[in-house]
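*Asks:* Under the UniProt record's numbering, the residue at position 101 of the sequence shown is numbered 101, and the numbers go up by one with no gaps.
Mind looking over this structure? Questions follow.
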Amino acid sequence: MATSPTSSAASGAEGSSENDENENKNKDQSNDKLKSTLMDTVLTLERLDVNLFRAAQMWSAFRTKNLFGGQIVGQALVAAGKTVDQRLNVHSLHSYFVTHGNPDKPVLYKVENIRDGKSFSSRSVQAIQDGHPVFIMNASFHKQEESPFQHQFSMPNVPEPEKLPSDKDLLSEFLKIPDTPQKQRERVERFLAREIPFEHRRVDGMRVHFGLVPTEPRVLTWVKANGFIGEGNNQMHACVAAYLSDIELSFTCVLPNRDIGIGLMTSLDHSMWFHAPFRSDEWMLYQCESPIAGNARGLNFGRLWRRDGTLAVSVAQETLIRPKL
């Protein structure tokens, strides 16, 4: 985990204490503001009935005018989590995007209690707009259990996020390139003007999103939610991770064909498995890869690694991709 910077040895104890107090006060104020932006807007739901919830503030996907899939998955998981024993944590979810949604309209989340057992609880969730489902999800929650059966792959060896430029820095440099196409320039400027509730540090720099040369379908990105969520709220961290998991993944399957214009790209489904506790407001490495694309569909897999090398989350998604005509 990231450590706090130590004060200079030349600083007096009184000055250091005062600076620390001011720094903590400013951090708390900043955290409150950012927490409100992330938790009280992006993933907040109004409870209308025991198993019925409404989301009024929706975030459109950057490249389209449709609902952002990550927010739908995250909000559906929030709704499901509000109906189960809080001693249980989500361990898996499987979902389908039935049709594109409208970010200018509220979304209703209808939760069905499938089963409550001694160790597991199952829920089914429908996201509804204009009386029709736009998204369906099944989620399973599990009581914590100790087990002697343990193993995992090793985390990739990559530079620390603090040593990598931010998206804002990368995109600002991109705009300085003289021969940048005007449409790409306008798209980048719109992105920089938006309020984004998460942060990226890309191991491969601008290669993935702005390179037009075909490359291997693998992406490594440090990602975290902006703001403060804190420890002990495993359910909210899982919901935020669901939101973050849809940001990079779908783009991976088109990297070998970056010389082909994309006419349509949208997520068809989204599955997640939660292996270990984590904090989504701290840096995690998102490892994405696509083993195959064909028949207008690309398959993507993702792994979210904690900084200590623990595999926290696994993700799978199929993406519909059609060329520009």
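For every residue, glycine included, the Cβ atom is placed at its ideal position computed from N, Cα and C.
(1) Considering only residues of the segment 35-108, which uninterrupted alpha helix (DSSP H) runs meet the minimum length of 4 residues and lie entirely inside it, listed in chain order?
(2) By how many angstroms is the C-alpha of Arg202 removed from the C-alpha of Arg303?
(3) Ends of the beta strand (DSSP E) at Gln184?
(4) For Ile177, is the classification buried or exposed, using 16 other Cβ atoms within 10 angstroms of its Cβ as the cut-off for buried?
(5) Could you check the C-alpha separation between Lys168 and Leu192 for me, to the nearest Å?
(6) Return yes when the Cβ of Pro323 is within less than 8 Å of the Cβ of Gly261, no when it is not.
(7) Could you tell me the distance, in whole angstroms, from the CA atom of Val125 to the CA atom of Ile114?
(8) Thinking just about the alpha-carbon of each residue, which of Glu112, Glu199, Gly294 and Ser290 is nearest to the one in Asn300?
(9) Restricting to runs no shorter than 3 residues, where is the beta strand (DSSP E) found entirely within the UniProt domain "Acyl-CoA thioesterase-like C-terminal" (182-321)?
(10) Would DSSP call Glu145 helix, strand or coil?
(11) Can you tell me which of Val315, Leu43 and Phe278 puts its alpha carbon nearest to the alpha carbon of Tyr109?
(12) Could you name the residues that DSSP lists as bridge partners for Lys110?
(13) DSSP has Pro323 in a bridge; who is on the other side?
(14) State the Cα-Cα distance for the pair Lys65 and Phe251, rounded to the nearest angstrom.
(15) Just to confirm before moving on: does the CB-CB distance between Val73 and His270 stay below 8 Å?
(16) Does DSSP classify Asp179 as helix, strand or coil?
(17) Between the segment 114-123 and the segment 280-288, can you find at least three pairs of beta-carbon atoms closer than 8 Å?
(18) Could you tell me which residues DSSP pairs with Ser140 in its beta bridges?
(19) Taking Leu52 as the reference, which of Val78, Val90 and Pro181 has the closest Cα?
(20) Take Gln129 as the anchor and find which of Ala225, Val188, Arg190 and Val107 has the nearest alpha-carbon.
(21) Kindly list the residues whose CB is nearer than 7 Å to the CB of His142, restricted to its own chain and excluding five residues on each side of it in sequence; keep chain order.
(22) Which residues in the same chain as Val240 place their Cβ atom closer than 6 Å to its Cβ, once the five residues preceding and following it in sequence are excluded?
(23) Taking the beta carbon of Lys27 as the centre, do at least 16 other beta carbons fall within 10 Å, making it buried, or is it exposed?
(24) As a quick exercise: from Ala238, Gly205, Gly101 and Thr215, pick the residue whose alpha carbon is nearest that of Trp222.
(25) Over the uninterrupted alpha helix (DSSP H) stretch that includes Ser172, give me the two end residues.
*Replies:* According to the data block:
(1) 69-81
(2) The residue labelled residue 303 in the question sits at position 303 within the sequence shown. The residue labelled residue 202 in the question sits at position 202 within the sequence shown. Using only the alpha carbons, I get a separation of about 15 Å.
(3) For this step, residue 184 is matched to residue 184 along the sequence shown. That residue, Gln184, is in no beta strand (DSSP E); its alpha helix (DSSP H) goes Gln182 to Ala193.
(4) Here residue 177 refers to the residue found at position 177 when the sequence shown is read from its first residue. Exposed is the call here.
(5) Within the sequence shown, residue 168 is the residue found at index 168, counting from 1. Within the sequence shown, residue 192 is the residue found at index 192, counting from 1. So the alpha carbons of these two residues sit roughly 7 Å apart.
(6) Within the sequence shown, residue 261 is the residue found at index 261, counting from 1. Within the sequence shown, residue 323 is the residue found at index 323, counting from 1. Result yes, Cβ atoms of Gly261 and Pro323 sit closer than 8 Å.
(7) Here the question's residue 125 lines up with position 125 in the sequence shown. Here the question's residue 114 lines up with position 114 in the sequence shown. Taking the straight line joining both Cα atoms gives about 10 Å.
(8) Counting from one through the sequence shown, the residue named residue 300 turns up at place 300. It is Ser290 whose Cα lies nearest to the Cα of Asn300.
(9) 198-202, 218-225, 262-267, 269-274, 284-294 and 297-306
(10) Translated into the one-based positions of the sequence shown, residue 145 becomes position 145. The answer is coil: DSSP assigns Glu145 none of H, G, I, E or B.
(11) As a first step, residue 109 is located in the sequence shown; it is residue number 109 there, counting from the start. The candidate whose alpha carbon is nearest that of Tyr109 is Leu43.
(12) Reading the sequence shown from its first residue, position 110 is the one you call residue 110. Lys110 pairs with Leu52 and Gln126.
(13) Within the sequence shown, the letter at position 323 stands for residue 323. When DSSP reads this structure, Pro323 sits in a beta bridge with Ile262.
(14) Working through the sequence shown from its first residue, we reach residue 65 at position 65. Working through the sequence shown from its first residue, we reach residue 251 at position 251. Cα to Cα, Lys65 sits roughly 17 Å from Phe251.
(15) For the purposes of this step, residue 73 is taken as the residue at position 73 of the sequence shown. For the purposes of this step, residue 270 is taken as the residue at position 270 of the sequence shown. Yes. Within cutoff.
(16) What you label residue 179 is simply residue 179 of the sequence shown in a count that begins at 1. Note: Asp179 maps to coil in three-state DSSP.
(17) no
(18) Reading the sequence shown from its first residue, position 140 is the one you call residue 140. Ser140 pairs with Ser92 and Ser122.
(19) As a position in the sequence shown, residue 52 is number 52, starting the count at 1. The shortest Cα separation from Leu52 among Val78, Val90 and Pro181 belongs to Val78.
(20) What you label residue 129 is simply residue 129 of the sequence shown in a count that begins at 1. It is Val107 whose Cα lies nearest to the Cα of Gln129.
(21) Here residue 142 refers to the residue found at position 142 of the sequence shown. Residues Leu88, Asn89, His91, Ser119 and Phe120 of the same chain have their beta carbon placed closer than 7 Å to that of His142, with the five preceding and five following residues left out of the count.
(22) Along the sequence shown, read from residue 1 onward, the residue named residue 240 stands at position 240. Hits under 6 Å: Ala225 and Ser280.
(23) Indexing the sequence shown from 1 puts residue 27 at position 27. Legend: pLDDT at Lys27 = 43, less than 50; position of this residue unreliable, value from coordinates given subsequently. Exposed, because fewer than 16 other Cβ atoms sit within 10 Å of the Cβ of Lys27.
(24) Sequence index remark: in the sequence shown, residue 222 carries index 222 (1-based). Ranking the options by Cα distance to Trp222, first place goes to Gly205.
(25) The residue given as residue 172 occupies position 172 in the sequence shown. Element bounds for Ser172: Asp167 to Phe174.
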